[in-house]
Amino acid sequence: MGRRPLEDPLTSQPLSLQPAGPMPAWAALLLVWAAAEAAEDCPAPCACRALDTMGLQVDCRGRGLTALPALPVHTRRLLLANNSLHSVAPGAFDHLPQLQALDAAQNPWHCDCALTYLRLWLRDRAPKELQRVRCAGPGVAAGRALGQLGGCGWRLAEAGVSPGLWWDAALAAVATLSLALLAGLLCTLSPRGGRARP
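Numbered per mature numbering (1 follows the signal peptide of the UniProt record, and there is no 0), the sequence shown spans residues -38 to -1, 1 to 160.
Right, dumping it as structure tokens:
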């Protein structure tokens, strides 16, 4: 049985370990600096490594995290899968301008208004991840992908009935009832009184 090639944890694409050519001295120095930076700033429960494209990969998968650790400012790829994360504080990734990839699957996410920041961040930067992140609750959101939820989680986007449609139906009902009452009032106040002439 042959060995399987290494795969990128976010895209499942095979990683190429072949060098593209000789590395200039400045690039080697830059990688050494990035590796030292990674070791220095890495949060204790996680493992960090310098990426070829600058920045860090912070691997916190399966560490039992219940909250995000303090993340290095150079984080480019953040792996949070298989933890016990319920929510992400608003602004949690705002100090990470290089963050491009986030794996947040396999956590018991509580998909209420507190998770709106994460949903919007993923929608703007990693839309495919919205289908991988599943909600543990509350209620009707349980078991659904974060990308299937609208608003604060309790309004299901896939249900086919948006809150705007309910509002429109309520307004139409009120308008119809008002017209019926107005017609009845006009009928009783008319000089004929709604009766036929003799």
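Note that beta-carbon positions come from the ideal geometry of N, C-alpha and C, so glycine has one too.
In the DSSP assignment, what residue or residues form a beta bridge with residue i?
i: R39; result: Q19 and A63
i: A107; result: R96
How close, in whole Å, do the beta carbons of residue i and residue j come, if the pair is a contact with beta carbons under 8 Å?
i: C22; j: P34; result: In fact, because the Cβ distance is near 12 Å, the residues do not count as touching under 8 Å.
i: L108; j: R81; result: 6 Å
Check for me: the alpha helix (DSSP H) holding residue i runs from which residue to which?
i: R11; result: It is not in any alpha helix (DSSP H) - R11 instead sits in the beta strand (DSSP E) that spans A9 to A12.
i: D86; result: T78 to R87
Which of the three DSSP states, helix, strand or coil, is assigned to residue i?
i: C73; result: coil
i: L47; result: coil
i: G24; result: coil
i: S140; result: helix
i: D130; result: helix
i: D56; result: coil
i: A145; result: helix
i: L30; result: coil
i: A135; result: helix
At what residues does the beta strand (DSSP E) containing residue i begin and finish?
i: G99; result: C97 to G99
Drop a sphere of 10 angstroms on the beta-carbon of residue i, count the other beta-carbons inside from all chains shown, and report buried for 16 or more, exposed for fewer.
i: Q19; result: buried
i: A51; result: exposed
i: R85; result: exposed
i: L144; result: exposed
i: T15; result: exposed
i: T138; result: exposed
i: G17; result: buried
i: V136; result: exposed
i: A67; result: buried
i: L141; result: exposed
i: L77; result: buried
Does the Cβ of residue i lie closer than 6 Å to at least one heavy atom of the ligand SAM?
i: L139; result: The ligand SAM is absent from the structure shown, which contains no ligand whatsoever.
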